[in-house]
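Here is the structure we will look at.
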Amino acid sequence: TRDITESKQTEEALRKSQKEFVSLFKHSPEALVYIDEKSNILDINPRFIELFGYTLEEIKGRNIDDGIIHSSDRIEEGKELGRIAKSKGYFKYETIRKKKDGTLFPVSISATPLVIDGQPKGEIGIYIEITERKQSEEIQKVLYNISSGLKITPISLFIFKTKFNSFSSRQFFVGKKLS
């Protein structure tokens with residue numbers, strides 16, 4: 001009876017652990033994909049559906065590296081990232097991916113192998129859309145380039161202040177017709 005009790009407790013702990021994993025997977029704010037050791041898609045979470053536009057029924061069983069979420073020039077890159085994840089155990093990378101409608105967008109990708117009882121059973125891929133961050137970086141570059149091109153010296157600042165003050169003073173507008 002002691003063996004039966006321990007077995008039931010182990011089974012219950014396993015069920016609880018599985019439920020926790022499923023809950024984390026399904027409710028993650030990041031787009032997640034679960035692939036097998038051959039890179040075939042087993043499951044995706046709601047954020048993945050929202051980000052890429054595919055339902056699970058549309059992509060389950062398809063190889064993640066067959067171009068479904070890659071532009072044609074990024075397929076080899078996807079395969080190489082899979083090899084890196086298998087050999088190093090983890091990676092993080094920024095690249096471009098493709099939505100169902102063909103729209104390309106920047107993402108940060110990370111992946112980690114899923115190992116059960118010491119055996120690799122696939123990978124969990126995490127996709128974070130970084131469009132806003134990339135746009136912000138571009139704006140910062142433009143502003144830096146503009147500010148680097150402008151030479152602000154004490155004399156140019158004095159001239160600007162003098163001209164600005166004369167335009168903004170009341171005396172500048174006295175006797176002038178405003179239209």
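In UniProt numbering, the protein residues as written are 1 to 179.
Even glycine gets a Cβ: it sits at the ideal position worked out from N, Cα and C.
Residue nearest to residue i in terms of C-alpha spacing, selected from the options
i, options, result
"residue 105", "128, 89, 13, 121", "128"
"residue 73", "23, 98, 110", "98"
"residue 89", "119, 14, 11, 21", "119"
"residue 32", "114, 136, 87, 138", "114"
"residue 52", "37, 13, 137, 71", "71"
"residue 62", "80, 47, 38", "38"
"residue 21", "138, 133, 116, 9", "116"
Beta bridge counterpart(s) of residue i as assigned by DSSP
i, result
"residue 123", "35, 113"
"residue 106", "96"
"residue 91", "111"
"residue 128", "108"
"residue 63", "40"
Rounded C-alpha distance that separates residue i from residue j
i, j, result
"residue 66", "residue 2", "51 Å"
"residue 125", "residue 101", "21 Å"
"residue 75", "residue 7", "46 Å"
"residue 80", "residue 28", "26 Å"
"residue 143", "residue 103", "27 Å"
"residue 182", "residue 36", "Lying before the first or after the last residue shown, residue 182 is absent from the chain, which here runs from 1 to 179."
"residue 121", "residue 17", "17 Å"
"residue 141", "residue 77", "27 Å"
"residue 132", "residue 85", "27 Å"
"residue 134", "residue 60", "30 Å"
"residue 139", "residue 12", "53 Å"
"residue 10", "residue 23", "20 Å"
Cβ-Cβ distance between residue i and residue j below 9 Å
i, j, result
"residue 123", "residue 34", "yes"
"residue 45", "residue 26", "yes"
"residue 82", "residue 64", "yes"
"residue 56", "residue 49", "yes"
"residue 47", "residue 30", "yes"
Would you be able to state if there are at least three C-beta pairs under 8 Å between the region 107-119 and the region 77-94?
-> yes
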